[in-house]
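S.K.:
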Amino acid sequence: MTELTGPCISAMSASVMTISEAKHVAIVGATGAVGQEMLDCLDERNFPISELTLLASARSAGKEIPFRGNLIKVKELTHDSFEGVDIALFSAGGDLSLEYASSAAAAGAVVIDNSSAFRMDDQVPLVVPEVNPEAIKDRPKGIIANPNCTTIITLMALSPLHKLYGLRSIIASSYQAVSGSGAQGIIELDEQIKVLGAGGEVTEDMKNVYPHQIASNVIPHVDAFTENGYTKEELKMLNESRKILNLPDLRVTCTCVRVPVHRSHSVSVTAQFERPVDVAEARAAYAACPGVDAKDDPENSLYPVPLDTTKKDNCLVGRIRKDMVFDNALALWVVGDQVRKGAALNAVQIAELV
Ligand SMILES: NC(=O)c1ccc[n+]([C@@H]2O[C@H](COP(=O)([O-])OP(=O)(O)OC[C@H]3O[C@@H](n4cnc5c(N)ncnc54)[C@H](OP(=O)(O)O)[C@@H]3O)[C@@H](O)[C@H]2O)c1
Numbered sequence: 002m003t004e005l006t007g008p009c010i011s012a013m014s015a016s017v018m019t020i021s022e023a024k025h026v027a028i029v030g031a032t033g034a035v036g037q038e039m040l041d042c043l044d045e046r047n048f049p050i051s052e053l054t055l056l057a058s059a060r061s062a063g064k065e066i067p068f069r070g071n072l073i074k075v076k077e078l079t080h081d082s083f084e085g086v087d088i089a090l091f092s093a094g095g096d097l098s099l100e101y102a103s104s105a106a107a108a109g110a111v112v113i114d115n116s117s118a119f120r121m122d123d124q125v126p127l128v129v130p131e132v133n134p135e136a137i138k139d140r141p142k143g144i145i146a147n148p149n150c151t152t153i154i155t156l157m158a159l160s161p162l163h164k165l166y167g168l169r170s171i172i173a174s175s176y177q178a179v180s181g182s183g184a185q186g187i188i189e190l191d192e193q194i195k196v197l198g199a200g201g202e203v204t205e206d207m208k209n210v211y212p213h214q215i216a217s218n219v220i221p222h223v224d225a226f227t228e229n230g231y232t233k234e235e236l237k238m239l240n241e242s243r244k245i246l247n248l249p250d251l252r253v254t255c256t257c258v259r260v261p262v263h264r265s266h267s268v269s270v271t272a273q274f275e276r277p278v279d280v281a282e283a284r285a286a287y288a289a290c291p292g293v294d295a296k297d298d299p300e301n302s303l304y305p306v307p308l309d310t311t312k313k314d315n316c317l318v319g320r321i322r323k324d325m326v327f328d329n330a331l332a333l334w335v336v337g338d339q340v341r342k343g344a345a346l347n348a349v350q351i352a353e354l355v
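Position one of the sequence shown corresponds to residue 2 (my numbering), numbered consecutively onward.
(1) Please determine whether the Cβ atom of S180 lies at a distance below 7 Å from any heavy atom of ligand 1.
(2) Counting only runs that start and end within the stretch 42-110, where is the alpha helix (DSSP H) found for 4 or more residues in a row?
(3) Go ahead and pull the three-state DSSP assignment for H163.
(4) Should E205 go down as buried or exposed, given a rule of 16 or more other Cβ atoms within 10 Å for buried?
(5) Fully enclosed by the stretch 113-186, which beta strand (DSSP E) runs are 3 residues long or longer?
(6) Based on DSSP bridge pairs, tell me the residues matched to V280.
(7) Please state if the CB of V129 and the CB of P148 are separated by a distance shorter than 8 Å.
(8) Quick check on the DSSP output: what are the complete alpha helix (DSSP H) runs of length 4 or more inside the stretch 240-321, in order along the chain?
(9) Would DSSP call G230 helix, strand or coil?
(10) For R259, is the beta carbon positioned less than 7 Å from some heavy atom of ligand 1?
(11) Give a yes or no on whether the C-beta atoms belonging to F91 and I113 are separated by under 8 Å.
(12) Taking the straight line between their C-alpha atoms, what separation do you get for V125 and V262?
(13) If I measure Cβ to Cβ from R243 and keep anything under 6 Å in the same chain, skipping five residues before and after, which residues do I get?
(14) Please report the straight-line C-alpha distance between I194 and A216, rounded to a whole angstrom.
(15) Bridge partners for A332 per DSSP, in chain order?
(16) Return helix, strand or coil for G343, following the three-state DSSP convention.
(17) Would you check whether ligand 1 has a heavy atom nearer than 7 Å to the C-beta of V340?
(18) Would you mind working out which of F68, R264 and P291 sits nearest I50, comparing C-alpha positions?
(19) Going by beta-carbon coordinates alone, are S269 and S174 separated by less than 8 Å?
(20) Hey, how far is the Cα of A348 from the Cα of K138?
(21) Ignore the nearest five residues each way along the sequence and tell me which others in I172's own chain have a CB closer than 6 Å to its CB.
(22) Output needed for L239: all residues of its chain with C-beta closer than 6 Å, excluding positions within five of it in sequence on either side, in chain order.
(23) Would the stretch 180-191 and the stretch 24-34 be scored as touching if the rule is three or more Cβ pairs under 8 Å?
(24) Give the DSSP-derived three-state secondary structure of I351 in the structure shown.
(25) Output needed for A106: all residues of its chain with C-beta closer than 7 Å, excluding positions within five of it in sequence on either side, in chain order.
(26) With DSSP run on the structure shown, which of helix, strand or coil describes A27?
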């Protein structure tokens, strides 16, 4: 383990309390897309770190990763990796979380898990710090779950409106970037773009992450299909939104679509509320909310696009208008960096709350 002399008081977002004690932080999946972004977020937010343990598969053991002027050697993940760790950020997939999170918790670490393994466990809080920060207090298993990326981004847009009008239902279609599939998703898109650009054709052996060509295409299929015709990703939006907002009767229907965008998910949302809505009031509500801004002046072509939020902390909302089908409903467009706010940043914000 490497000793790091980081600042002991961190500068944090307005809603987050001050941390005065430096922590021993472990990242499981440190070499992955989200793990790398976690390192950036920890550094940018001056998270107070006394020691940093970077864990990945045996393939990466020994690899050196720079952090705050130090080169830190990646170690192979084992059940004994967590001695002395205060906060373990897990980002290596659900199977590994199921296998190793309890070892980390038993060693005394607070586990913040990015996978879907524990999200619907009654004894594991599911937290978006701007939406339900109070939920982190009750964590009997020592595990806190980070929600699904599309759900986080959608709720960043809907939570301020829920406070104003009372959310009743969500109809959504997502436009999800390939980095949502990890580093391999980006590689697959880039290889296909290169071949097509050279006048070639995408062959079967170039389709490993997605069942169809992703370059010059959109694929209405994110995660596995379930018996009712929805995918697991679409059901995450339903079940996780209900849990985070504590709205067990919330109605949600969603179609999740993979698009040939490198980074940042977009979601088209129609949300119906209990009370009458007002577009100007809804737009103004975002000014008072950390983590989300309105970018909504369509006549001047101002609305959020994925490039606006790439590598940025805040989600953006635009195209806010009264829905023409449902009463008390708003249609809107929300965009957010799913590697950052949809995963790494949200986990680091939870660590700040802990
Ligand atoms: N990408 C996103 O936008 C996003 C958003 C929200 C949530 N998530 C979730 O975050 C997690 C990681 O996603 P990612 O996109 O970062 O994936 P990724 O780029 O494929 O990275 C996977 C990480 O897991 C590690 N790993 C794989 N097998 C391992 C093993 N047997 N033992 C220890 N470590 C192992 C890899 O280490 P090696 O380099 O050694 O293989 C790598 O560090 C997933 O649960 C994903 O669902 C991702």
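Just so it is clear, CB atoms sit at the ideal spot from N, CA and C, and this is done for glycine as well. As the structure is a computational prediction, the values presented were derived from the model and not from experiment.
M.R.: In short, the structure shows the following:
(1) yes
(2) 95-107
(3) helix
(4) exposed
(5) 144-146 and 168-177
(6) V280 pairs with nothing; no bridge assigned.
(7) yes
(8) 280-286 and 307-310
(9) coil
(10) no
(11) yes
(12) 33 Å
(13) P249 and L251
(14) 6 Å
(15) T271 and R322
(16) helix
(17) yes
(18) F68
(19) yes
(20) 15 Å
(21) T254 and T271
(22) V253
(23) yes
(24) helix
(25) V112, K142, G143 and I144
(26) strand
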